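Student:
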Amino acid sequence: MNTVLQVRNLSKDFYLYNPGRVIDGCRDVSFSLREKEFLGITGASGSGKSTILKCIYQTYRVKSGEIFYFSPTAGCVDLTKIPEREITRIRRQEIGYVSQFLETLPRVTARQIVEDSALEAGVSREEAQKAAEEVLNYFKLPLSLWDIYPYMFSGGEKLRLNLAKAMVKTPRLLLLDEPTASLDEDAKKLVKELLQKLIQKGTAMIGIFHDLDFMRGLCDHVYNMAHGGEAGKGNL
Ligand SMILES: Nc1ncnc2c1ncn2[C@@H]1O[C@H](COP(=O)(O)OP(=O)(O)OP(=O)(O)O)[C@@H](O)[C@H]1O
Ligand SMILES: [Mg+2]
390 MNTVLQVRNL
400 SKDFYLYNPG
410 RVIDGCRDVS
420 FSLREKEFLG
430 ITGASGSGKS
440 TILKCIYQTY
450 RVKSGEIFYF
460 SPTAGCVDLT
470 KIPEREITRI
480 RRQEIGYVSQ
490 FLETLPRVTA
500 RQIVEDSALE
510 AGVSREEAQK
520 AAEEVLNYFK
530 LPLSLWDIYP
540 YMFSGGEKLR
550 LNLAKAMVKT
560 PRLLLLDEPT
570 ASLDEDAKKL
580 VKELLQKLIQ
590 KGTAMIGIFH
600 DLDFMRGLCD
610 HVYNMAHGGE
620 AGKGNL
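Under the working numbering, think of the first position of the sequence shown as 390, with each following residue one higher.
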């Protein structure tokens with residue numbers, strides 16, 4: 390199986406002007422990930438799990454280290470070094486990111502958010518419309534919510550919309566930051582089944598879940614922040 394991502398000695402810290410202190414985000418993180426693989430990240434609150442995903446997605450610039458991404462369109466690139474425009478293109482077409490909190494533009498409807506995400510993958514408008522409806526139905530987002538602005542949605546509705554947005558296309562790499570935090574058991578089952586389908590299609594995934602039961606049966610490897618390394622899935 391081909392390698393999708395190789396993170397080498399990644400470190401990130403934050404300088405807080407007030408009170409003039411440096412805070413560790415994550416330190417010396419290394420792992421690699423291949424097609425169809427699922428890496429789970431575990432560790433205490435504040436240990437830097439979300440920071441790793443944000444560095445890969447380039448929401449944060451790293452302090453040091455390399456993040457090699459093997460793109461089908463651009464070849465092997467170090468995400469920490471390529472121009473902003475190229476990052477934006479790769480994110481739109483190849484990398485999905487699901488955070489617990491949906492950040493949306495103020496006047497874009499739920500349906501439009503998912504359709505736009507499908508369009509970014511390069512399908513026709515008709516195909517994007519159909520795919521958006523299918524995935525909104527799949528996650529049981531009520532029809533009455535499709536054409537309104539999601540800032541007023543409940544936590545679980547926002548999360549399901551965020552999942553629909555990332556999963557309406559088949560990303561090469563999917564980053565999941567606690568994507569089941571406010572979901573009931575039925576919705577979690579739907580998420581798991583769709584993740585398994587994407588893995589079958591070749592998507593590589595990195596996931597953070599507090600729900601270790603959910604991780605079981607999905608993860609191929611676990612990166613534990615405390616031990617600074619990969620462990621087998623038996624260690625969950
Ligand atoms: N934008 C930021 N500015 C300043 N400090 C930050 C920022 N983002 C993260 N940190 C700090 O970096 C450390 C790691 O945070 P991070 O969010 O990665 O932890 P986490 O493992 O995801 O925790 P949780 O399980 O609670 O989500 C924390 O001490 C946090 O306060
Ligand atoms: Mg976090």
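All residues carry an ideal CB built from backbone N, CA and C; glycine is no exception. As the structure is a prediction and not an experimental result, all values here were calculated from the model.
1) May I ask which residues mark the beginning and end of the alpha helix (DSSP H) holding D467?
2) Pull every residue with its beta-carbon under 6 angstroms away from any heavy atom of ligand 1, and keep them in chain order.
3) Pick out the complete alpha helix (DSSP H) segments inside the region 432 to 472, 4 residues or longer, and give them in chain order.
4) With H, G and I counted as helix, E and B as strand and the rest as coil, what does DSSP make of K401?
5) Under 8 angstroms by Cβ, that's how I've got T440 and C415 pegged, so tell me the actual separation to the nearest angstrom.
6) Rounded C-beta distance between L394 and Y458? I'm assuming under 8 angstroms.
7) Please determine whether the Cβ atom of I445 lies at a distance below 8 angstroms from any heavy atom of ligand 2.
8) Smallest Cα separation from D609: which of G544, S421 and A570?
9) Please determine if the region 597 to 609 and the region 424 to 434 are in contact, where contact requires at least 3 C-beta pairs separated by less than 8 angstroms.
10) Starting from M594, follow its DSSP beta bridges and name the residues at the other end.
11) I'd like to check one pair, P560 with G485: are the Cβ atoms closer than 9 angstroms?
12) Count the other C-beta atoms from every protein chain shown that fall within 10 angstroms of the C-beta of E426, then say buried if there are 16 or more, exposed otherwise.
13) Please classify F528 as buried or exposed, where buried requires at least 16 neighbouring CB atoms within 10 angstroms.
14) May I ask you to list the residues that DSSP assigns as paired with R410?
15) Straight-line CA distance for R474 to E509?
16) Should E492 be listed as close to ligand 2, given that the test is whether its C-beta is under 8 angstroms from any heavy atom?
17) Within 10 angstroms of its Cβ, does P568 collect 16 or more other Cβ (buried), or is it exposed?
18) On the CB-based measure, 16 or more other CB atoms within 10 Å of its CB, does L405 come out buried or exposed?
19) May I ask you to check if the CB of D566 is nearer than 8 angstroms to at least one heavy atom of ligand 2?
20) Look up N551 in the DSSP assignment and say whether it is helix, strand or coil.
21) For E455, collect the residues of the same chain with a Cβ closer than 7 angstroms to its Cβ; drop the 5 residues on either side in sequence, then sort them by chain order.
22) Distance check for S533 and L399, CA to CA, integer angstroms please.
23) Which residues bound the alpha helix (DSSP H) around I502?
Tutor: Once the coordinates are examined:
1) Position 78 of the sequence shown, counting from 1, holds the residue named residue 467. Premise fails: D467 lies in the beta strand (DSSP E), G464 to D467, not in any alpha helix (DSSP H).
2) Listed by chain position, these are F403, I412, G414, G432, S434, G435, S436, G437, K438, S439 and T440.
3) As for any alpha helix (DSSP H) of minimum length 4 sitting wholly inside the region 432 to 472, the runs are 438 to 445, ordered along the chain.
4) If you number the sequence shown from 1, residue 401 lands on position 12. The answer is strand: DSSP assigns K401 an E or B state.
5) Counted from its first residue, the sequence shown places residue 440 at position 51. Counted from its first residue, the sequence shown places residue 415 at position 26. Confirmed, about 5 angstroms.
6) Working through the sequence shown from its first residue, we reach residue 394 at position 5. Working through the sequence shown from its first residue, we reach residue 458 at position 69. By a beta-carbon distance limit of 8 angstroms, L394 contacts Y458. Their separation comes to about 6 angstroms.
7) The residue labelled residue 445 in the question sits at position 56 within the sequence shown. Every heavy atom of ligand 2 is 8 angstroms or more from the Cβ of I445, so no.
8) As a working mapping, residue 609 is identified with position 220 in the sequence shown. Minimum Cα distance to D609 is reached at S421.
9) Because the criterion of three Cβ pairs below 8 angstroms is met, the region 597 to 609 and the region 424 to 434 touch.
10) Taking the first residue of the sequence shown as position 1, residue 594 is located at position 205. Looking at the DSSP output, M594 shares a beta bridge with F427 and L563.
11) For the purposes of this step, residue 485 is taken as the residue at position 96 of the sequence shown. For the purposes of this step, residue 560 is taken as the residue at position 171 of the sequence shown. Cβ atoms of G485 and P560: closer than 9 angstroms.
12) By one-based count along the sequence shown, residue 426 stands at place 37. In the assembly as shown, E426 is a buried residue. Its beta-carbon has 16 or more other beta-carbons within 10 Å.
13) Counting from one through the sequence shown, the residue named residue 528 turns up at place 139. Result: buried.
14) As a first step, residue 410 is located in the sequence shown; it is residue number 21 there, counting from the start. DSSP output for R410 lists L405 as bridge partner(s).
15) Position 85 of the sequence shown holds residue 474. Position 120 of the sequence shown holds residue 509. Taking the straight line joining both Cα atoms gives about 14 angstroms.
16) Your numbering for residue 492 matches position 103 in the sequence shown. No.
17) Indexing the sequence shown from 1 puts residue 568 at position 179. Residue environment: P568 is assigned as buried (16 or more neighbouring CB atoms within 10 Å of its CB, all protein chains considered).
18) On the sequence shown, position 16 is the one that residue 405 refers to. Its Cβ having fewer than 16 others within 10 Å, L405 is exposed.
19) What you label residue 566 is simply residue 177 of the sequence shown in a count that begins at 1. For ligand 2, at least one heavy atom lies less than 8 angstroms from the Cβ of D566.
20) Taking the first residue of the sequence shown as 1, we reach residue 551 at position 162. Assignment of N551 by DSSP, reduced to helix, strand and coil, places it in the helix class.
21) Sequence index remark: in the sequence shown, residue 455 carries index 66 (1-based). The residues are R397, D467 and T469.
22) Here residue 399 corresponds to residue number 10 of the sequence shown, with the count starting at 1. Here residue 533 corresponds to residue number 144 of the sequence shown, with the count starting at 1. L399 and S533: Cα-Cα distance of roughly 44 angstroms.
23) Looking up residue 502 in the sequence shown gives position 113. Judged by DSSP secondary structure, I502 falls within the alpha helix (DSSP H) whose first and last residues are A499 to E509.
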